[in-house]
């Protein structure tokens, strides 16, 4: 499959698994999982296509593994706007984390903080290069914000780490953001 087709299919898969499974006639379990065979039929794709997207996705957006019943299943690792329980336990964050965004929203973020914006968590990166890649998906100049994660944790904020290494938290108040 050509790169452009892989990206297009990955985006379709993300839309279904993160935001709108009903659109494809699917129902996710409470953890966001759906059996692979049902997913393939609903998406009208082959197992080879699925494997290529999962293996070739540099952001590791998807997890494929056997369920408790031995049936292979798939889910998005994070970024859901629908109610799912990813089963993540709170873990201590590094001293600082980073958030890449557009310069156009910088003043708003510095004033009000980072919010979930329809998702379950705010997404943060462990390094500036990843944050820059994430921020570059938005239009305009990229700004990298530094988040004082250690101070947030001391103040009672919890952090989680998704299966693909993305750091997650409920919000980042403005006093913990530095530009």
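Residue numbers (this note's numbering): 177 to 355. We put the beta carbon where it would ideally sit given N, CA and C, even for glycine.
Exercise for the section: Would you mind working out which of 320, 203, 191, 353 sits nearest residue 327, comparing C-alpha positions? Expected result: Answer by Cα proximity: 353.
Problem - Start-to-end residues for the alpha helix (DSSP H) that takes in residue 306 - result: For residue 306, the enclosing alpha helix (DSSP H) starts and ends at 304-311.
Exercise for the section: Give the straight-line distance between the Cα atoms of residue 211 and residue 275, rounded to the nearest whole angstrom. Expected result: Going by the C-alpha atoms only, they are around 33 Å apart.
Problem - Nearest to residue 193 (by Cα), restricted to the options 300, 231, 262 - result: Minimum Cα distance to residue 193 is reached at 262.
Problem - Start-to-end residues for the alpha helix (DSSP H) that takes in residue 231 - result: Counting along the chain, the alpha helix (DSSP H) containing residue 231 begins and ends at 223-232.
Exercise for the section: State the Cα-Cα distance for the pair residue 293 and residue 256, rounded to the nearest angstrom. Expected result: So the alpha carbons of these two residues sit roughly 11 Å apart.
Problem - Test item: CB-CB of residue 201 and residue 260 under 8 Å - result: With contacts defined by Cβ atoms closer than 8 Å, residue 201 and residue 260 do not form a contacting pair.
Exercise for the section: Alpha carbon to alpha carbon, how far is residue 302 from residue 335? Give it in angstroms, no decimals. Expected result: Roughly 12 Å between the two C-alpha positions.
Practice task
May I have the straight-line CA-CA distance separating residue 223 from residue 249, to the nearest angstrom?
Solution key: About 12 Å.
Exercise for the section: Indicate the three-state DSSP secondary structure (helix, strand or coil) for residue 185 in the structure shown. Expected result: Three-state DSSP puts residue 185 in a helix.
Practice task
Determine the direct distance from the alpha carbon of residue 228 to that of residue 324, and round the result to whole angstroms.
Solution key: A straight-line Cα-Cα distance of about 37 Å links residue 324 and residue 228.
Exercise for the section: Using the DSSP secondary-structure output, state which residues sit across from residue 238 in a beta bridge. Expected result: Note: residue 238 sits in a beta bridge opposite 252.
Problem - Short Cβ contact (8 Å threshold) for residue 265 with residue 190 - result: Pairing residue 265 with residue 190 gives a Cβ-Cβ distance that is not under 8 Å.
Exercise for the section: Could you tell me which residues DSSP puts in a beta bridge with residue 274? Expected result: Per DSSP, the beta bridge partners of residue 274 are 301, 322.
Handout entry: Whether residue 216 touches residue 226 by CB criterion (8 Å)
Key = With respect to the 8 Å criterion, residue 216 and residue 226 are classified as neighbours on the basis of their beta carbons.
Exercise for the section: Consult DSSP for residue 211 and reduce its assignment to one of helix, strand or coil. Expected result: In the three-state reduction of the DSSP assignment, residue 211 falls in the strand class, which pools E and B.
Practice task
Spatial neighbours of residue 182 within its chain, please: CB distance less than 7 Å, with the 5 preceding and 5 following residues excluded, ordered by chain position.
Solution key: The answer, listed in chain order, is 228, 229, 232.
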